Amino acid sequence: MDNVPPGPYLPQKVQTKLQITSPYAGWNLYFPDQMYSDHSPIVEKVQVFEKYFVSWNKLFDWDDIEQKGFFVLDYKELYADQIIKDGYVHMETELRDSPDKVLACMGLAMHQIVSHKHQQEASAVLEELGGPQHDTTNYCSPYIFPRVLNFGSPLALKNFKANCYGQ
1 MDNVPPGPYL PQKVQTKLQI TSPYAGWNLY FPDQMYSDHS PIVEKVQVFE KYFVSWNKLF
61 DWDDIEQKGF FVLDYKELYA DQIIKDGYVH METELRDSPD KVLACMGLAM HQIVSHKHQQ
121 EASAVLEELG GPQHDTTNYC SPYIFPRVLN FGSPLALKNF KANCYGQ
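Residue 167, in UniProt numbering, is where the sequence shown stops; the numbers in between run on with no holes.
As structure tokens, this is what we get:
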């Protein structure tokens with residue numbers, strides 16, 4: 001300790017992140033501050049939404065969703081579905097208390113489906129042309145926003161208070 005310079009001495013801190021590969025191409029788009037974990041409750045919610053979207057795939061035009069960058073869900077239909085009732089029991093309270101997280105789960109689920117569909121189509125085209133198959137594995141579609149209709153009662157802007165901001 002004799003060679004320590006005068007004044008406050010702070011050791012340098014090194015912070016590292018352990019990168020775990022995610023099966024979700026857009027994980028970092030929707031959850032940039034959270035590391036992927038197989039046992040995360042977020043993954044379970046995303047999987048529930050994926051099942052729901054695939055079960056109602058006739059309602060969605062995957063190419064249109066990718067082009068527009070958003071999709072619309074009716075909350076009443078979503079909440080009445082048995083897949084959601086069984087797999088995501090507290091969706092209503094979480095959507096009210098932390099809508100950003102629930103919407104991110106919805107968006108990531110749709111993003112995964114759209115990206116996977118795009119990869120399948122690109123692989124089929126490459127197979128027809130006789131090209132290499134490995135070029136389509138890294139596709140990541142742009143950010144896709146979910147829009148939820150019929151959730152809660154509408155609020156007139158004149159009644160909107162500053163303390164409601166962020167909720």
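All C-beta atoms, glycine included, are put in the ideal place defined by N, C-alpha and C.
These figures come from a predicted structure and were not determined experimentally.
The three-state secondary structure of proline 146, taken from DSSP, is strand. When only Cα atoms are considered, leucine 95 and serine 153 end up about 14 Å apart.
Secondary structure note for valine 102: its alpha helix (DSSP H) is the uninterrupted segment 99-129. Taking cysteine 105 as the centre and dropping the five residues before and after it, the same chain places the C-beta of Ile42, Lys45, Val46, Phe49 closer than 7 Å to its C-beta, in chain order.
Of all alpha-carbon atoms in Pro142, Asn150, Phe151, the one lying nearest the alpha-carbon of tryptophan 27 is that of Pro142. Between the C-alpha atoms of aspartate 100 and phenylalanine 31 there is a straight-line separation of about 10 Å. Here tyrosine 52 is near aspartate 81, since their CB atoms are less than 9 Å apart.
In terms of Cβ geometry, valine 148 and valine 89 do not form a close pair [threshold 9 Å]. Going by beta carbons, tyrosine 24 and glutamine 112 fall inside the 9 Å limit. According to DSSP, residue pairing for aspartate 74 in a beta bridge involves Leu149. Look at serine 55 here: in three-state DSSP terms it is helix. For valine 48, the secondary structure class from DSSP, reduced to helix, strand or coil, is helix. Each residue's CA atom was taken as its position, placing methionine 91 and valine 102 some 8 Å apart. Beta-carbon to beta-carbon, isoleucine 83 and serine 55 are separated by about 6 Å, close enough to satisfy the 8 Å threshold. With a threshold of 16 other beta carbon atoms within 10 Å, leucine 59 falls short and is exposed. Within its own chain, the residues whose Cβ lies closer than 8 Å to the Cβ of lysine 85, once the five positions on either side in sequence are excluded, are Tyr79, listed in chain order.
Considering only Thr21, Asp97, Ile65, the residue with the shortest C-alpha distance to histidine 118 is Ile65.
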